[in-house]
Amino acid sequence: MAKTVNIWIDDKHLEVPDTMTIIEAADKHGIYIPRLCYHPDLPPTANCGVCVVELSSAPVPKRACCTPVAEGMKVVTNSKKLRAYRKTLVEMILSNHDVVCPTCAANNKCELQSLANNLGVEPDNLPSILHKEAVDDSSLSIIRDVNKCIACGRCVTVCNEVQTVYALTFADRGIDSHVDTAFSLGMANSPCVNCGQCTVYCPTGALRERSEIDAVWEAILDPEKHVIVQEAPSIRVSLGEEFGMPFGSVTPNKMYAALRKIGFDSVMDTNFTADLTIMEEGTECVAKLKAGEKRPLITSCSPGWIKFMETYYPDLADCVSTAKSPMSMFGTLSKTYYAQENNIDPAKIVSVAVMPCTAKKFEARRPEMRDSGFQDTDYVLTTRELIRMIKEAGIDFANIPDEEPDKGMSFYTGAGTIFGATGGVMEAAIRSAYFLVTETDLEDVEILAVRGLEGVKEATVNVPGFGDLRVAVAHGLSNARKVMDRVREGLATKGESPWHFIEIMACPGGCVGGGGQPYGNDIASRARRGQALYAEDRSLPVRLSHHNPEVKKVYERFLGEPNSKLALKLLHTHYFKRSVSTGQVTGEATHKH
Amino acid sequence: MYREICSKYAPDKDNLICILHEIQNSHPQHYISEEAVQTVAEYLGVPANHIYGVLTFYTMYSTKPRGQNIIRLCESPPCYIKGSENILHKLMTLLDIEVGETTKDGCFTLELCACLGVCGNAPVMMINNDVYGDLTEEKVEEIIEKVRRG
């Protein structure tokens with residue numbers, strides 16, 4: 001039980017629980033202590049020393065991030081001595097940092113840059129001791145530039161503790177200590193699942209996405225190419241914040257307008273294929289339920305989760321829905337259905353996806369994602385990359401007049417849009433699975449038990465004609481582990497999974513907290529973006545995927561019915577087994593339909 | 001082979017250091033390979049990246065193949081003050097290698113290490129399990145010749 005203690009920070013009296021550190025107490029009461037390696041979402045690593053404060057009880061300054069509060073503690077956050085300490089620390093970090101701010105992906109978002117600026121660090125106070133090392137560009141998703149790394153350790157913490165992926169580690173010791181993959185084999189030869197949470201928490205530009213901006217511009221500027229673009233649910237609630245609009249602004253129509261202005265030939269929407277995913281996955285789920293299947297059905301939209309499953313749980317691969325992600329369904333349809341409907345040669349179509357995700361870059365290049373006869377999705381841009389393109393094109397996003405998307409693969413329901421928040425796919429699936437079993441619509445479509453940021457959420461939904469449908473939702477891969485371990489145990493001991501249906505998203509908060517989202521992507525901002533998606537859901541005229549008129553049309557004109565032979569060929573996939581040490585494929589885990 | 005060494009110990013992560021030592025000592029090239037780490041990772045249920053972190057933290061472990069004899073010259077301050085740098089240059093010239101390298105004939109690998117605990121005899125080096133103190137350039141030449149002859 002936490003006790004309340006009295007402390008004084010810069011003579012301001014605070015009453016705080018004794019479980020807090022000084023920096024947590026200060027943050028809670030709006031007192032800013034300069035910091036670099038500390039991040040409120042992560043346990044402190046106490047590596048940088050910038051958050052030093054003076055205590056009346058200690059002869060030397062202490063790090064606020066790892067010093068617990070105590071009764072009667074008197075804290076000074078700013079003094080001549082502390083200013084000198086912090087400045088020296090930042091100067092030392094800069095002297096071993098590749099200072100190339102204007103061309104860096106993190107320019108203007110870099111925590112080191114702003115800290116150096118705020119502290120008034122003098123240029124050239126210390127000579128550079130940087131020994132340039134090769135950049136690790138082995139991964140399809142993430143570039144790791146060790147020359148910009150300040151060894152704060154956030155990526156190591158998030159990779160090992162939050163995501164339990166175990167790709168990054170500290171290697172060597174003392175001055176040689178650095179972040180690395182095992183045996184320096186590179187991200188592509190590690191168990192990295194490409195989730196990109198390391199890029200989100202990196203305070204500098206040392207970890208970033210592999211940019212595809214140039215390739216996309218090239219396609220757009222090529223008159224021979226027909227460039228079609230799709231945007232994930234999370235994009236529409238994340239762009240506004242970068243252009244001075246209130247956090248969590250819902251801006252689908254400005255997004256369409258900006259994409260058209262950039263020059264995309266056809267502006268569609270991933271939310272459409274989110275609804276389509278529900279039809280395919282929901283049908284698969286209902287078939288399993290009706291057959292009395294003891295093994296659960298697990299969602300397959302999150303590519304970070306899929307690679308994680310292939311690496312750590314290949315024995316349960318048959319439980320994972322064979323449905324492709326909404327992005328890959330869109331990619332396949334863009335070169336089949338869309339090409340056919342619009343009489344365009346699919347060889348001339350360039351299919352671009354804007355995703356809140358770095359792992360989608362890997363998913364798009366999986367050799368099995370070529371069911372259209374071409375690479376289904378040609379390029380994947382993260383939200384951050386689209387923001388750069390909007391800025392390069394000089395678009396005043398906040399004031400651009402609203403536009404509608406092109407028709408055919410853009411209509412979406414509320415169920416499609418909530419895919420971006422943790423629990424959203426589950427909620428959307430329940431709304432439609434209920435209909436598929438009972439042939440009536442749920443009266444209250446909002447399933448609040450699966451919403452929110454609790455790591456593992458469980459709910460039971462009564463479906464007349466079936467009984468109690470037990471579901472679980474996990475976000476963040478350490479939580480996915482908890483759920484998967486219980487499934488494995490349940491199947492081994494009782495021959496039955498604790499849940500019928502499970503949603504798993506690799507990133508904490510779901511896609512709104514994806515590895516490709518704008519910088520400053522902390523838990524609080526993820527929650528606000530998620531709420532914005534639920535608000536959009538409430539505002540939409542259609543909130544159930546099975547009532548999406550364009551989805552109905554694609555079945556009527558092209559696919560036949562959900563899980564039809566053609567649908568299984570184009571919209572479903574299969575999984576592999578991977579080495580836990582290198583992430584490389586070691587065999588097939590399931591077979592293609 | 002790695003699996004056999006592992007199975008001498010309980011599959012408990014506390015045994016990591018001992019297992020790594022035994023693997024390294026039993027390898028003719030005195031090192032711990034990727035394959036060895038994968039085997040240990042699987043046996044102990046410890047991620048390979050964690051084992052790599054441990055391996056590179058301790059200077060006694062090597063992730064690269066090494067020679068038959070490993071020279072570890074102390075680089076701590078007492079030895080430095082007593083002229084370990086001259087000894088290092090002598091060794092480098094004598095063996096025609098840099099620190100961390102192995103001679104062409106595979107006989108010697110030259111490494112630096114932290115204090116060996118015999119500062120009274122500084123400068124000090126170890127070759128395999130033997131300690132050599134009060135080193136001079138002449139003495140180094142003799143020792144190397146002796147070890148080379150076996």
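Protein chains in written order, with this note's numbering: chain A, 1 to 593; chain B, 1 to 150.
By construction, the Cβ of each residue, glycine as well, lies at the ideal position given by its N, Cα and C atoms.
Every value quoted in this text rests on a predicted model; they were computed, and no experiment measured them.
Excluding sequence positions up to five away, which residues of its chain have a Cβ less than 6 Å from the Cβ of residue i?
| i | result |
| --- | --- |
| A:ALA532 | VAL237, GLY248 and VAL250 |
| A:ALA64 | ILE22, ILE23, ILE33, CYS51 and VAL53 |
| A:GLU503 | THR299, VAL425, MET426 and VAL473 |
| B:THR39 | TYR2 and ARG3 |
Within the same chain, show all residues whose beta-carbon is closer than 8 Å to that of residue i, passing over the 5 residues directly before and after it, in chain order.
| i | result |
| --- | --- |
| A:TYR575 | ILE306, MET309, GLU310, PRO314, ALA317, VAL320, GLU588, ALA589 and THR590 |
| B:PRO11 | TYR43, LEU44 and GLY45 |
| A:ALA219 | LYS225, VAL227, VAL350, VAL352, ASP378 and TYR379 |
| B:ILE32 | LEU20, ILE23, GLN24, LEU55, TYR61, SER62 and THR63 |
| A:ARG543 | THR413, GLY414, ALA415, ARG431, VAL445 and ASP537 |
| A:PHE330 | GLN230, MET268, THR270, PHE272, THR273, SER351, ALA353, THR377 and MET409 |
Mind checking who residue i pairs with in its DSSP beta bridge?
| i | result |
| --- | --- |
| A:THR181 | A:LEU168 |
| B:LEU73 | B:LEU112 and B:MET125 |
| B:TYR9 | DSSP output for B:TYR9 lists no bridge partner at all. |
| A:PRO68 | A:THR21 |
| A:ILE228 | A:SER266 and A:SER351 |
| A:HIS13 | A:TRP8 |
| A:GLU458 | A:ALA472 |
| A:ILE142 | A:GLU209 |
| A:ILE504 | A:ALA474 |
| A:PHE576 | A:GLU588 |
| A:ILE298 | A:VAL320 and A:ILE502 |
| A:LYS148 | DSSP output for A:LYS148 lists no bridge partner at all. |
| A:ARG597 | Residue 597 of chain A is absent from the model: chain A starts at 1 and stops at 593. |
Of the residues the options, which one's Cα is nearest the Cα of residue i?
| i | options | result |
| --- | --- | --- |
| A:SER141 | A:PRO541, A:ARG366 and A:TYR312 | A:ARG366 |
| A:GLY516 | A:ARG63, A:THR88, A:PHE411 and A:SER211 | A:SER211 |
| A:ARG173 | B:VAL140, B:ILE19, B:ALA114 and B:ARG148 | B:ALA114 |
| A:ALA347 | A:ARG470, A:ALA215, A:LYS225 and A:SER56 | A:LYS225 |
| B:VAL54 | B:LEU110, B:SER7, B:GLY120 and B:ILE19 | B:ILE19 |
| A:GLY510 | A:VAL425, A:VAL445, A:ALA459 and A:LEU469 | A:VAL425 |
| B:ASN69 | B:MET1, B:GLU101, B:TYR2 and B:LEU16 | B:GLU101 |
| A:SER139 | A:LYS361, A:LYS62, A:VAL227 and A:THR270 | A:LYS361 |
| A:PRO405 | A:ALA257, A:LEU540 and A:MET505 | A:ALA257 |
| B:LEU135 | B:LEU16, B:GLU85, B:GLU34 and B:PHE57 | B:GLU85 |
| A:ILE150 | A:ALA567, A:VAL165 and A:PHE170 | A:PHE170 |
| A:ARG481 | A:CYS507, A:GLY465 and A:HIS500 | A:CYS507 |
| A:THR283 | A:PRO68, A:ASP345, A:THR358 and A:TYR434 | A:TYR434 |
| A:THR332 | A:ASP41, A:LYS80, A:HIS572 and A:ARG578 | A:HIS572 |
| A:ALA605 | A:ASP441, A:LEU442 and A:GLU458 | As displayed, chain A neither begins before 1 nor continues past 593, which places residue 605 of chain A out of reach and without an answer. |
| B:PRO77 | B:THR103, B:GLY67 and B:VAL118 | B:VAL118 |
| A:PHE272 | A:ASN6, A:SER581, A:VAL229 and A:LYS109 | A:VAL229 |
| B:GLU142 | B:MET1, B:ASP105, B:LEU95 and B:ASN129 | B:LEU95 |
| A:ASP669 | A:SER190, A:ARG86, A:CYS152 and A:SER128 | Because chain A spans 1 through 593 in this model, residue 669 of chain A falls outside it and cannot be assessed. |
Per DSSP, what kind of secondary structure is residue i in: helix, strand or coil?
| i | result |
| --- | --- |
| A:SER57 | coil |
| A:GLN531 | helix |
| A:TRP8 | strand |
| A:THR493 | helix |
| A:THR358 | coil |
| A:GLU212 | coil |
| A:VAL100 | coil |
| A:TYR555 | helix |
| A:ALA317 | helix |
| A:ASP537 | helix |
| A:GLY153 | coil |
| A:ARG451 | coil |
| A:GLY424 | helix |
Spatial neighbours of residue i within its chain, please: C-beta separation below 7 Å, excluding the five flanking residues on both sides.
| i | result |
| --- | --- |
| A:ASP275 | TYR412, THR413, ALA415, GLY416, SER545, ASN548 and VAL551 |
| A:ILE278 | ALA415, ALA428, ALA429, SER432 and SER545 |
| A:CYS66 | THR21, PRO44 and ALA46 |
| A:ASN147 | ASP98, LEU130, LYS132 and GLU133 |
| A:GLU561 | TYR555 |
| A:VAL76 | ASP10, VAL53 and GLU54 |
Positions along the region 14–36 of chain B whose CB lies within less than 8 Å of some CB in chain A: GLU34
The region 41–68 of chain B: which residues have C-beta closer than 7 Å to a C-beta of chain A, in chain order? ALA41, PRO47, ALA48, ASN49, HIS50, TYR52, GLY53, THR56, PHE57 and THR63
By the 8 Å beta-carbon criterion, what residues does the region 164–179 of chain A contribute toward chain B? TYR166, ALA167, LEU168, THR169, PHE170, ALA171, ASP172 and ARG173
Closer than 9 Å, Cβ to any Cβ of chain B: which residues of the region 572–589 of chain A, in chain order? SER579, VAL580, SER581 and THR582
Taking a cut of 8 Å between CB atoms, which residues from the region 46–59 of chain A lie near chain B? none
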